[in-house]
Amino acid sequence: MHLMIPHASALGEACKHSLGTLALPHLSALLGLLKPEGQALGSDEYSLNTPFELALARERGLGTDAGPLPTAAWLAAEAGLGGQAEQAWALLSPMHLAVGSDQVSAYAPELLALDEDESRAFFAAMAELWPAEEGWRAHWLSPLQWLLGHPSLAGLASASLDRVVQRNVATWMPEARRLRTLQNEAQMLLHRQPLNEAREARKALPLNSLWISGCGAEAGASQALPADLQVDSSLRQPLLMEDWASWAEAWARLDDGAVSHLLSEARLGKPARLTLCGERFARSYALPPRSALQKTLHRWLPPRAEVHSLLEAL
0 MHLMIPHASA LGEACKHSLG TLALPHLSAL LGLLKPEGQA LGSDEYSLNT
50 PFELALARER GLGTDAGPLP TAAWLAAEAG LGGQAEQAWA LLSPMHLAVG
100 SDQVSAYAPE LLALDEDESR AFFAAMAELW PAEEGWRAHW LSPLQWLLGH
150 PSLAGLASAS LDRVVQRNVA TWMPEARRLR TLQNEAQMLL HRQPLNEARE
200 ARKALPLNSL WISGCGAEAG ASQALPADLQ VDSSLRQPLL MEDWASWAEA
250 WARLDDGAVS HLLSEARLGK PARLTLCGER FARSYALPPR SALQKTLHRW
300 LPPRAEVHSL LEAL
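Mapping of the sequence shown onto numbering that gives the first Met the number 0: position 143 corresponds to residue 142, and the numbering continues sequentially without gaps.
Quick look at the structure:
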């Protein structure tokens, strides 16, 4: 089993304080048994792709230094779009941009509370921006995930949605003219959209923008994710919303759940891998071969790791 945990930590004093309050006994015991595997993935908090996305790319057999990752094409392939997955895709994330006195901030798409019917209505209302006769392919994936395919989207660098949520968008605006034009046209169309008038009438946030990310075509060498990979994303929402109390509670549940299960597997000598993904780096750990004496010693004197410093380093 390979357990991958995105949003295991973040930069900033608030997260550091929350980490200091966490008691993660199962994670400590697990990391006491496992050993670091390979080099850390990532560079800094300003990279377009998150360390979690880099870790997924590695599991797909792709290099992690070949530029922006075609994460939208991965979603297209997983959605069963067939041969269309080989073309360039982009992920469109409906969101609300809040204009302040000195910056424009991106709210988490979840704050729109879009249900399927309303999301599909917005998706249909935007169709004039991507006419099929001009080679565009649009696919509604979920209320907060729309896919857009077109050859012009190949090779365009764009920041992951998780990089921009709850932040000033100026740092993350795409340089590609195609993406800026598409985003501007979407914002103008949404500004005069009757669906938004209905939302404002009931005091809901207007859907006034789309974040475009994950552009590109799936590489021919890309593989399906391994069957034994388990991704637990329960830390994502509270971390992005900077709800540190809920994030700490989610970590405690994760420690008692999936982490505890992986620890049991490792103690039985079964294959066990763990990947922890933070804001800058992702690090993987694996169970090394152990002698009979080591196994006996580990039963009587279980090794433990200091998890807080490991998580802060991500």
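C-beta atoms are modelled at their ideal positions from N, C-alpha and C, and glycine is treated no differently.
Note that the coordinates shown come from a computational prediction; the quantities given were computed from them, not determined experimentally.
Item                                                                                                                     : Value
Coil, strand or helix - Met-3 by DSSP                                                                                    : strand
Contained alpha helix (DSSP H) runs [length at least 4] in the region 73-134, N- to C-terminal order                     : 115-124
Presumed contact (8 Å Cβ cut-off) between His-6 and Leu-261, rounded CB distance                                         : His-6 to Leu-261, Cβ: 18 Å. No contact.
Alpha-carbon spacing of Asp-116 relative to Glu-58, whole angstroms                                                      : 35 Å
Residue from Leu-143, Arg-272, His-138, Ala-158 with nearest C-alpha to His-149                                          : His-138
Sequence-distant residues of the same chain with beta carbon closer than 6 Å to Val-168, five excluded per side          : Val-103, Ala-105
Closest by C-alpha distance to Asp-227, when choosing among Cys-214, Glu-241, Lys-269, Trp-250                           : Lys-269
Candidates Val-258, Pro-173, Asp-161, of which the one nearest Leu-155 by Cα                                             : Pro-173
Residue nearest to Leu-275 in terms of C-alpha spacing, selected from Trp-246, Glu-311, Ala-247, Ser-245                 : Glu-311
Neighbourhood of Leu-143 by C-beta distance below 8 Å, restricted to the same chain and skipping five residues each side : Ser-92, Pro-93, Pro-108, Glu-109, Leu-111, Leu-113, Ser-118
Buried or exposed (CB count within 10 angstroms, at least 16 for buried), Val-98                                         : exposed
Span separating the alpha-carbon of Glu-196 from that of Arg-176                                                         : 30 Å
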